[in-house]
């Protein structure tokens with residue numbers, strides 16, 4: 018009643034894979050795909066299903082370890098979908114305010130999973146902001162819980178001044 022609709026891990030998996038399938042099909046044929054998870058992938062960061070910051074309780078479908086495993090599996094499926102169309106995939110999960118630790122675990126798990134695949138690069142940097150230069154375009158990403166969108170350009174210019182100066 019609280020959310021207006023039933024929601025569980027199976028529904029989340031179907032929604033995520035359906036969305037990434039549509040995005041992959043619609044994407045132009047480019048050499049490199051960026052697969053970015055912008056945080057809160059796991060909704061709760063610990064087995065007690067509470068926020069680390071506020072202590073708020075979260076409604077979670079199953080045990081934390083099951084959610085963690087399913088989230089990793091879903092991201093592998095997303096990367097595999099991108100690999101069908103692109104020669105190279107760059108993956109990065111930003112930590113969100115609900116998964117500050119588990120978001121980092123996701124990056125590490127995927128880096129280990131794809132360790133022998135030269136087509137996949139997983140960025141495991143602990144930085145809260147992520148940047149990628151594509152020609153004259155600078156892409157910046159973060160979860161957004163500590164940064165308003167209007168502030169991102171000045172943060173980008175300060176964090177990566179060489180990239181900022183060589184992009185439009």
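Numbering (my numbering), first residue to last: 18 to 185. Positions of the beta carbon are idealized from the N, C-alpha and C atoms, including for glycine. For clarity, every value in this text was computed on a predicted model and none was experimentally measured.
Query                                                                                                                                                    : Result
Since residue 109 is in the beta strand (DSSP E), which residue starts that stretch and which ends it?                                                   : 105-110
Jot down the residue ranges of each uninterrupted alpha helix (DSSP H) in the segment 36-121, minimum 4 residues, whole runs only, in chain order.       : 81-102
Would the segment 41-52 count as touching the segment 87-100 if we require 3 or more Cβ pairs under 8 Å?                                                 : yes
Which same chain residues, not among the five before or five after residue 180, have their C-beta less than 7 Å away from its C-beta?                    : 148, 150 and 155
Since residue 123 and residue 58 are thought to touch, with beta carbons under 8 Å apart, how far apart are those beta carbons, to the nearest angstrom? : 6 Å
Note down, one range per segment and in chain order, each beta strand (DSSP E) of at least 3 residues found wholly within the segment 146-178.           : 147-151 and 154-158
If you count every other CB in all the chains shown that lies within 10 Å of the CB of residue 119, and 16 or more means buried, which is it?            : buried
Excluding sequence positions up to five away, which residues of its chain have a Cβ less than 6 Å from the Cβ of residue 153?                            : 184 and 185
Rounded to whole angstroms, how far is the Cβ of residue 107 from the Cβ of residue 51, which I believe are closer than 8 Å?                             : 5 Å
Could you check where the beta strand (DSSP E) with residue 138 kicks off and where it finishes?                                                         : 137-139
Taking the straight line between their C-alpha atoms, what separation do you get for residue 55 and residue 182?                                         : 25 Å
For residue 6, does the three-state DSSP call read helix, strand or coil?                                                                                : In this structure the chain extends from 18 to 185, so residue 6 is not present and cannot be described.
Can you tell me the Cα-Cα spacing of residue 71 and residue 145, whole angstroms?                                                                        : 19 Å
Reducing DSSP to helix, strand and coil, say where residue 23 ends up.                                                                                   : coil
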